[in-house]
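Everything below concerns the one structure shown next.
2 protein chains.
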Amino acid sequence: MIVDTLAVVGVGLIGGSFALALKQAGAVREVLGVGRNAARLTVARERGLIDRVAGWAEAGQADCILLAMPVGETGAVLKNLAPHLKPGAIVTDAGSTKSDVIEAARAALGARFGDFVPGHPIAGSEQSGPAAARADLYQGKRVVLTPQAGTRVGAVATVRALWEAAGAQVETLDAAQHDRIFAAVSHLPHLAAFALVDELAQRADGDTCFRFAAGGFRDFTRIAGSSPEMWRDIALANREALLTELDAYLAALQTLRQTVASEDAEALLTIFSRARAARELWMKQQDS
Amino acid sequence: MIVDTLAVVGVGLIGGSFALALKQAGAVREVLGVGRNAARLTVARERGLIDRVAGWAEAGQADCILLAMPVGETGAVLKNLAPHLKPGAIVTDAGSTKSDVIEAARAALGARFGDFVPGHPIAGSEQSGPAAARADLYQGKRVVLTPQAGTRVGAVATVRALWEAAGAQVETLDAAQHDRIFAAVSHLPHLAAFALVDELAQRADGDTCFRFAAGGFRDFTRIAGSSPEMWRDIALANREALLTELDAYLAALQTLRQTVASEDAEALLTIFSRARAARELWMKQQDS
Numbered sequence: 172m173i174v175d176t177l178a179v180v181g182v183g184l185i186g187g188s189f190a191l192a193l194k195q196a197g198a199v200r201e202v203l204g205v206g207r208n209a210a211r212l213t214v215a216r217e218r219g220l221i222d223r224v225a226g227w228a229e230a231g232q233a234d235c236i237l238l239a240m241p242v243g244e245t246g247a248v249l250k251n252l253a254p255h256l257k258p259g260a261i262v263t264d265a266g267s268t269k270s271d272v273i274e275a276a277r278a279a280l281g282a283r284f285g286d287f288v289p290g291h292p293i294a295g296s297e298q299s300g301p302a303a304a305r306a307d308l309y310q311g312k313r314v315v316l317t318p319q320a321g322t323r324v325g326a327v328a329t330v331r332a333l334w335e336a337a338g339a340q341v342e343t344l345d346a347a348q349h350d351r352i353f354a355a356v357s358h359l360p361h362l363a364a365f366a367l368v369d370e371l372a373q374r375a376d377g378d379t380c381f382r383f384a385a386g387g388f389r390d391f392t393r394i395a396g397s398s399p400e401m402w403r404d405i406a407l408a409n410r411e412a413l414l415t416e417l418d419a420y421l422a423a424l425q426t427l428r429q430t431v432a433s434e435d436a437e438a439l440l441t442i443f444s445r446a447r448a449a450r451e452l453w454m455k456q457q458d459s
Numbered sequence: 172m173i174v175d176t177l178a179v180v181g182v183g184l185i186g187g188s189f190a191l192a193l194k195q196a197g198a199v200r201e202v203l204g205v206g207r208n209a210a211r212l213t214v215a216r217e218r219g220l221i222d223r224v225a226g227w228a229e230a231g232q233a234d235c236i237l238l239a240m241p242v243g244e245t246g247a248v249l250k251n252l253a254p255h256l257k258p259g260a261i262v263t264d265a266g267s268t269k270s271d272v273i274e275a276a277r278a279a280l281g282a283r284f285g286d287f288v289p290g291h292p293i294a295g296s297e298q299s300g301p302a303a304a305r306a307d308l309y310q311g312k313r314v315v316l317t318p319q320a321g322t323r324v325g326a327v328a329t330v331r332a333l334w335e336a337a338g339a340q341v342e343t344l345d346a347a348q349h350d351r352i353f354a355a356v357s358h359l360p361h362l363a364a365f366a367l368v369d370e371l372a373q374r375a376d377g378d379t380c381f382r383f384a385a386g387g388f389r390d391f392t393r394i395a396g397s398s399p400e401m402w403r404d405i406a407l408a409n410r411e412a413l414l415t416e417l418d419a420y421l422a423a424l425q426t427l428r429q430t431v432a433s434e435d436a437e438a439l440l441t442i443f444s445r446a447r448a449a450r451e452l453w454m455k456q457q458d459s
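Heads up: the sequence lines are chains A and B, in that order. Each number in this note's numbering comes from the position in the first sequence (counting from 1) with 171 added on. Each number in this note's numbering comes from the position in the second sequence (counting from 1) with 171 added on.
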């Protein structure tokens with residue numbers, strides 16, 4: 172047992188899978204679920220993700236509280252929770268952006284900010300909600316923690332132990348660096364996929380196009396099936412880093428456009444070959 | 172038996188899988204392989220994709236000749252083949268672009284242009300080469316034929332029967348419409364994936380970024396593992412339609428960038444929700 176009681180705010184894929192993994196690992200005795208959506212909480216209880224539903228006052232008495240709702244709600248949730256936090260309670264989160272979450276936590280938690288451990292599990296699915304939760308979601312996956320100068324060392328150790336009990340490998344990163352990296356490898360691809368599908372769907376002949384779309388399209392656009400609310404929040408929360416990435420990508424596409432327009436066969440081959448080689452190297456490193 | 176002898180020019184994933192499927196279906200007696208790369212031809216023979224290696228003269232005596240090398244070579248291949256074509260021999264292709272292939276065929280085949288059936292199997296993989304060929308590659312997949320006014324009806328019927336024997340569903344489309352549709356649902360996504368991976372790989376901190384890339388990135392960029400030569404040829408062959416698509420995509424990304432920059436939460440939610448709904452509908456239609 173790592174903690175006695177865990178409270179999860181937002182019992183969806185991420186929070187529900189965390190709870191399930193910890194229960195199966197015997198790392199927690201009781202899990203409380205907090206949320207606005209009664210139907211989702213019912214599914215979470217029926218699936219055994221949580222033991223019971225709780226309000227802010229009760230959640231604040233838990234040993235550890237995981238925030239797993241969309242990042243845009245972090246400030247409001249922490250303001251509700253702060254007055255009820257018992258001494259020594261640890262708060263952590265699973266948000267895809269860190270600088271904005273840290274800023275919200277600092278403002279809402281005041282003197283208790285040292286008990287907040289910013290975290291981001293690099294796992295997920297285009298599926299969402301408690302019905303999609305599974306105990307092995309974090310098995311072998313990375314979790315990034317971005318502790319601050321004032322973060323209590325013991326709190327970091329506990330959160331690390333919980334994620335490891337869930338099967339994950341834990342690393343730490345500077346929060347701003349985290350946000351830049353994930354803008355590049357996750358947030359930008361999501362926006363690029365959403366934009367491509369939406370552009371096609373808006374056309375008069377969109378239906379005909381979709382009819383001939385195949386495997387390449389399916390994989391390229393899989394992440395366009397992700398939660399719109401979650402991605403709206405991420406895009407806004409990590410706006411600066413994301414705009415930098417969008418500009419870099421727009422510039423790369425403009426260059427590629429120019430290369431096609433000028434029929435520069437050699438330059439096209441160079442770009443495509445470099446991309447393939449980089450991806451193959453990455454895939455090899457993933458396997459090892 | 173639909174044809175006695177089949178010749179395949181370019182025995183890679185596409186041509187090799189066609190040959191293998193037809194042999195297993197008993198739709199062809201003998202398969203000849205034509206190509207410049209001796210090592211690939213050896214793999215093709217060892218794997219039973221082809222019965223033996225042939226030159227242009229012998230290939231021209233086959234009942235049906237499938238062109239399955241990169242589309243940029245269509246003109247040169249047909250010029251080599253044309254003098255040897257036996258009466259009644261049917262030529263077809265598996266290229267991802269059709270207008271340029273048709274133009275090349277018209278120029279190279281002259282009076283025999285009526286025996287050329289332009290085709291495009293909507294199947295593939297980021298794998299390539301004869302080692303990747305498999306008999307079930309076309310099972311349940313679409314094949315688009317784009318016959319011209321002068322195309323012999325009997326030739327179209329034979330090519331259709333061959334693809335159906337390989338397990339595919341055959342449809343016909345206007346060639347220009349084909350090229351527009353596939354620029355949108357296939358060629359653009361490939362270039363977008365290549366551009367994203369290459370842009371990242373060129374960075375000083377590219378390695379760090381790749382280290383945190385996960386499942387969403389893997390699927391989004393899977394097609395960036397495709398053959399650079401094949402995609403160089405496609406990009407050039409379908410240049411006009413592709414430039415139109417690139418411009419539409421650049422405009423959609425610019426709009427999205429503006430929406431993020433202006434923190435328009437509602438507009439972001441609208442775009443993401445429309446995209447998700449369109450993709451879910453498409454997935455449902457794929458399953459049915």
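Glycine is no exception: its CB is placed at the ideal position from the N, C-alpha and C atoms. This one's a predicted model, so the numbers in the text were calculated from it and none came from an experiment.
Simplified DSSP assignment, three categories, for residue i
i               : result
I352 of chain A : helix
V199 of chain B : strand
I236 of chain B : strand
A228 of chain B : helix
L177 of chain B : strand
R410 of chain A : helix
L219 of chain B : Note that residue 219 of chain B corresponds to Gly in the displayed sequence, not to Leu. Residue state, collapsed to three classes: coil.
V242 of chain A : helix
G204 of chain B : strand
M454 of chain B : helix
G183 of chain A : coil
M401 of chain A : helix
Partners in chain A for residue i, counting only beta-carbon separations shorter than 7 Å
i               : result
E370 of chain B : A419, Y420 and A423
P399 of chain B : L440, F443, S444 and R447
Test: residue i CB closer than 8 Å to a CB of chain B
i               : result
D390 of chain A : yes
I293 of chain A : yes
R305 of chain A : no
L413 of chain A : yes
E274 of chain A : no
C380 of chain A : yes
A436 of chain A : yes
W402 of chain A : yes
R283 of chain A : no
Y393 of chain A : Residue identity check: residue 393 of chain A is Arg in the sequence provided, not Tyr. Yes, because at least one Cβ of chain B sits closer than 8 Å to the Cβ of R393 of chain A.
Residue i at chain A interface by Cβ criterion, 8 Å
i               : result
A385 of chain B : yes
R323 of chain B : no
I185 of chain B : no
L308 of chain B : no
F353 of chain B : yes
Closest residue to residue i among the options (Cα-Cα distance)
i               : options                           : result
T176 of chain B : B:A320, B:S267, B:L333 and B:A306 : B:L333
I394 of chain A : A:F383, A:P360, A:G197 and A:D378 : A:P360
Q340 of chain B : B:T329, B:H349 and B:V315         : B:V315
L344 of chain B : B:G387, B:A260 and B:I352         : B:I352
N251 of chain B : B:A438, B:G311, B:W227 and B:S188 : B:W227
A225 of chain B : B:R207, B:G197 and B:T329         : B:R207
E342 of chain B : B:K312, B:L421 and B:A422         : B:K312
A446 of chain A : B:S398, B:A192 and B:L439         : B:S398
V327 of chain A : A:V356, A:A366 and A:A260         : A:A260
F284 of chain A : A:V214, A:L249, A:H291 and A:A303 : A:L249
A215 of chain B : B:A198, B:D264, B:G300 and B:M454 : B:G300
L183 of chain A : A:R211, A:F388 and A:L203         : Position check: residue 183 of chain A holds Gly in this sequence, whereas Leu was assumed. Out of A:R211, A:F388 and A:L203, A:R211 has the C-alpha closest to the C-alpha of G183 of chain A.
Chain-ordered neighbours of residue i on chain A, where CB pairs are closer than 9 Å
i               : result
G396 of chain B : A446, R447, R450, E451 and M454
S357 of chain B : F383, A384, A385, G387 and F388
Listed by chain order, chain B residues near residue i by CB distance under 7 Å
i               : result
F365 of chain A : I442, F443 and A446
9 Å Cβ cut-off: residues of chain B touching residue i
i               : result
V314 of chain A : Those within 9 Å of V314 of chain A in chain B number zero; the least Cβ separation is about 11 Å.
V431 of chain A : L362, A406, L407, R410, L413, L414 and L417
L237 of chain A : Ordered by position in chain B, no residue passes the 9 Å Cβ test against L237 of chain A, which lies about 20 Å from the chain.
Proximity test, Cβ basis, 8 Å: residue i and chain C
i               : result
L427 of chain B : Given the protein chain composition of this structure (A and B), no chain C is represented.
Start-end ranges of the beta strand (DSSP E) lying completely within the segment 251 to 327 of chain B, minimum 3 residues:
The qualifying runs are 261 to 264, 290 to 292 and 313 to 316.
Going along the chain, which unbroken runs of the alpha helix (DSSP H) with 4 or more residues stay wholly within the segment 414 to 450 of chain A?
You should have found no qualifying run.
With a floor of 3 residues, list each beta strand (DSSP E) that falls wholly inside the segment 328 to 394 of chain B, ordered by position along the chain.
Counting only runs of 3 or more, we get 340 to 343.
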